[in-house]
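> Chains as they are written, first to last, in my numbering: chain A, 194 to 410; chain B, 194 to 410; chain C, 194 to 410; chain D, 194 to 410. We treat Cβ as the ideally placed atom computed from N, Cα and C, and that holds for glycine. There's a structure below that I have some questions on.
There are 4 protein chains.
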Amino acid sequence: MPYMKTDQKTENSLGKSIPDDPRKRAKYMAIIEAALEAFSEYGYHDCPVSKIARKANVADGTIYLYFANKEEVLISVFQEKINRLITDIEKLTKDCTDSWGKIEILVRYHMGALGNDRVLANFLQIQLRQSSANIRRGIALPLKKFYLLIENFVIEGQKEGVIDSFINANIARKLIFGTIDEVISCWVLSRRQYDVIERIDDVIYILRRALIVDTAA
Amino acid sequence: MPYMKTDQKTENSLGKSIPDDPRKRAKYMAIIEAALEAFSEYGYHDCPVSKIARKANVADGTIYLYFANKEEVLISVFQEKINRLITDIEKLTKDCTDSWGKIEILVRYHMGALGNDRVLANFLQIQLRQSSANIRRGIALPLKKFYLLIENFVIEGQKEGVIDSFINANIARKLIFGTIDEVISCWVLSRRQYDVIERIDDVIYILRRALIVDTAA
Amino acid sequence: MPYMKTDQKTENSLGKSIPDDPRKRAKYMAIIEAALEAFSEYGYHDCPVSKIARKANVADGTIYLYFANKEEVLISVFQEKINRLITDIEKLTKDCTDSWGKIEILVRYHMGALGNDRVLANFLQIQLRQSSANIRRGIALPLKKFYLLIENFVIEGQKEGVIDSFINANIARKLIFGTIDEVISCWVLSRRQYDVIERIDDVIYILRRALIVDTAA
Amino acid sequence: MPYMKTDQKTENSLGKSIPDDPRKRAKYMAIIEAALEAFSEYGYHDCPVSKIARKANVADGTIYLYFANKEEVLISVFQEKINRLITDIEKLTKDCTDSWGKIEILVRYHMGALGNDRVLANFLQIQLRQSSANIRRGIALPLKKFYLLIENFVIEGQKEGVIDSFINANIARKLIFGTIDEVISCWVLSRRQYDVIERIDDVIYILRRALIVDTAA
DNA sequence: TATGAATGAGCCTTCATTCAT
DNA sequence: TATGAATGAAGGCTCATTCAT
């Protein structure tokens, strides 16, 4: 590579470049946030790139200086958000010695984060679920990271004897994630206004039943 | 009026008309099946109506003799499939006196039906999850019927004392549906070829743990 | 022509065939009247053939047993109506010995006929003015007959010394027809409801001024 | 706000925006002229937007950067042309103290403008007469302005005692406009090639007869 | 003769993407 | 680097017309 553009870039997990230059980084993030809002408001397919540009206060063409195409914008939004979620959960659970406790933290934090941010929830639960193969591919890796986070907590718990060892850890992950997913999705799509936060305890209760070894005896 | 000129129609659950005339009915179903395949293959947004028409061996315009627009085709495919699923499950569970047994039948049948039909699974789990408000509205009612089927089994079980009464039945429904959903979705999207059917017992095991009152004592 | 369809047809001025068989003639006229209504209601270009068929209580395809295509339907409606108008005026003026009187009869009858039949007026003044070359060609001949009727009255009047001989008779025809045309068109398009019939005397007054030799002296 | 980013627009009589930026204005006018030609050549309904684009040397999509839809293109062409006509006539008649003289100027100028521009004449007399309610609505206002111009000349003339006060001024307007309209329309549609300009004196002669008070005595 | 289901050509319009400035 | 005007491919949908019954 005999020639290199002057400004440095950091490669994220998907090989896409995130600008290091703080001014560029700011515009990059502005687009990300604008896209989150716009996708959430119109839906991915019904959201012209121009809407994102307008919300980000940049020209349409500017989007293409930071992202290869519209799909990549969607993927990048997801990556930013899911990575943030993962990082936060990792921090929160670092000092927790109890593996069920970690799961509880994860569930509470995840549900809380989405339950308090309808725009984000709508994006992650609804708009993201577009089916273009490219998008699915772009989403796969960071999502897997999140999956593994959960699955590892389960495996830990099984090693500790807290979680039933007969359970298939992968299925347990799907149970946990699938339940949260369903609860949040229903909430986002529901016309009735209610508070998902209030459902967290119910979710915890049933997940605990599903996983935890009965130590009553 | 001894003779009716206009052909009869049956109203489905959403008030849309399905032709009774067997020849029309056949073409209607041909389009439904073609659309299922086409949507599953290309994804809703990347599937031109012409692809459906070609698969159904009809002209593009013919689609519009049976459906108001592309959205309605998607919705109708869903309705046909989910109604079939509901009907089948209702039949299978009719003679079952055990409410946990009913849930087990439902889970096994649902996972089996999708696990043996990747096209249908792909359609229901992936392609359907489009976010156009109209589509969501069209899907809502029959989906709710399916939800209620599950939820009622749970409530029955709680009345019988088989299922833990402290559980929020609505959350239990979301746990059951969400878990299956996640398991099937991951399978459909997975590049690795494996058999979800083999995972059914694991799902049943963990769902039983989550719901059933421990009668060990 | 070695072979001839059994039912007889009369060729009209444009070479189109009008059925002689009374039952066919009835259906032909039913379509004509339905088309008049339908074109008037929706406008030629926004009126699908199916709307005409429905109004005429026949199947779409039946239209094409009587008319070569949609354009021909429009042309035929015009021919029927304008020929009727011409015939009526010819009858009414036959016994009139005064050529200005004939013009007055023509103007009063024409304005009365349209002023009392908004559907017909809308058709003739608005919907008919479509610009497809074919339509214009089809309309030209019977329209010319009407033009000549007027123009001949003017020429007669000039011969009789009643109408100013310095006037270009063709321009006089255009003045008469153009004025009526404008008055009726404005009325049809006007949102305000008023009665054109009441304007007839004003029109007669100004036309008389334009044409009649002042015999005051 | 010392600097305006968004380019300025001038509102025309119908509230539609015409670009002020000279480069945009040029392209706007290019489309207008191309549309005039294309509509005149093919007729509104038989003229695809792509034909206009080709004539204007722009891409199809560009049309939609300047006009909301095809209808608006038609309406805008009319507005440009009729406003030009009105402005010109207003200028020409400004210094004329004689109200019949103003009418004569108007008639001569209007007939001359169309008689020397068959494309414009064909557009205004034939293609424009489409019946879509939207189009008629869009055309109504500037057309009314033109109507009033004529009518006011008549009323002036009546006040001055030059024009017969027994004449209904509105009918007089319809006589003037209707006659010109008919003369021009016949000319445009005529296959024979003749010069309408040569008919102007005949029109003036008959209109004068219709309107002017005989001052012979 | 009558039907009306089926056809498929054709068009308006959108919008992701490019590129001259 | 940023702009936003311009592009043009693509697709949903309509409807005049046909033809098997």
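1) Below 7 Å, is the gap between the Cβ of D407/D and the nearest heavy atom of the ligand SAM?
2) Taking 8 Å as the CB-CB limit, is Y259/B close to chain A?
3) Secondary structure at I163/C, three-state DSSP: helix, strand or coil?
4) DSSP three-state call for P335/A: helix, strand or coil?
5) Could you give the first and the last residue of the continuous alpha helix (DSSP H) run that contains D394/D?
6) Along the chain, where does the alpha helix (DSSP H) that runs through V266/A open and close?
7) Round the Cβ separation of Y237/A and Q323/A to the nearest angstrom and send it over; I've been treating them as touching at under 8 Å.
8) Contact criterion: CB-CB distance below 8 Å. Does I275/B meet it with respect to chain A?
9) Any contact of the region 356 to 367 of chain B with the region 316 to 334 of chain A, i.e. 3+ C-beta pairs under 8 Å?
10) Between which two residues does the alpha helix (DSSP H) carrying Y237/A extend?
11) Going by beta carbon distance, what residues of the same chain come within less than 8 Å of S243/D, once the five residues before and after it are set aside?
12) Express the C-alpha separation of I397/D and E297/D in angstroms, rounding to a whole number.
13) What's the gap between the Cα of L307/B and the Cα of L229/D?
14) Which stretch, first to last residue, makes up the alpha helix (DSSP H) that contains V300/D?
15) Of the choices L334/D, Q318/D and K263/D, whose alpha-carbon is the least far from that of Q272/D?
16) Name, please, each residue of chain B whose Cβ falls closer than 9 Å to the Cβ of S325/A.
17) Please classify L341/A as buried or exposed, where buried requires at least 16 other C-beta atoms within 10 Å of its C-beta.
18) Sort I279/D, Q320/D and D407/D by Cα distance to H303/D and report the nearest one.
19) Can you tell me whether P215/A is helix, strand or coil according to DSSP?
20) Output the distance between the C-alpha atoms of T290/A and F232/A, rounded to the nearest integer angstrom.
21) To the nearest angstrom, report how far apart R311/C and E226/C are at their CA atoms.
22) For a contact meaning CB atoms closer than 8 Å, what does D374/D contact in chain C?
23) Taking all protein chains shown into account, decide if L368/B is buried (16 or more other Cβ within 10 angstroms of its Cβ) or exposed.
24) With a threshold of 16 other CB atoms inside 10 Å of the CB of G371/C, please say whether the residue is buried or exposed.
25) Can you tell me which of S383/D, L336/D, S292/D and S378/D puts its alpha carbon nearest to the alpha carbon of L404/D?
26) Determine, using beta carbons only, whether A306/C comes closer than 8 Å to chain D.
27) Please confirm whether I377/B and Q318/B have their CB atoms less than 8 Å apart.
28) Classify S383/D as buried or exposed, calling it buried when 16 or more other Cβ atoms lie within 10 Å of its own Cβ.
29) With H, G and I counted as helix, E and B as strand and the rest as coil, what does DSSP make of G254/C?
30) State yes or no: is the beta carbon of C289/D nearer than 8 Å to at least one beta carbon in chain C?
31) So with Cβ pairs under 8 Å, would you call R402/C a contact of chain D?
32) By the criterion of Cβ-Cβ separation under 9 Å, what are the contact partners of K352/C in chain D?
33) If distances are taken between C-alpha atoms only, which option among V270/A, D374/A and D213/A comes closest to G331/A?
34) Does any residue of chain B have a CB that is nearer than 8 Å to the CB of D395/A?
35) Output yes or no for whether 8 Å exceeds the beta carbon distance between V381/D and A314/D.
36) Quick check on DSSP: helix, strand or coil for G354/A?
By the coordinates alone:
1) Looking for the ligand SAM in the displayed structure turns up nothing, as the structure carries no ligands at all.
2) no
3) Given that chain C is displayed from residue 194 to residue 410, the structure contains no residue 163/C and the question cannot be resolved.
4) helix
5) I393 to L404
6) K263 to K287
7) 5 Å
8) no
9) no
10) Segment: none, Y237/A is in no alpha helix (DSSP H) and carries neither H nor E.
11) D253
12) 7 Å
13) 59 Å
14) S292 to G308
15) L334/D
16) G236, H238 and D239
17) exposed
18) I279/D
19) helix
20) 39 Å
21) 14 Å
22) G371, D374 and E375
23) buried
24) buried
25) S292/D
26) no
27) yes
28) exposed
29) helix
30) no
31) yes
32) What K352/C touches in chain D: nothing, since even the nearest Cβ is about 18 Å away.
33) V270/A
34) yes
35) yes
36) coil
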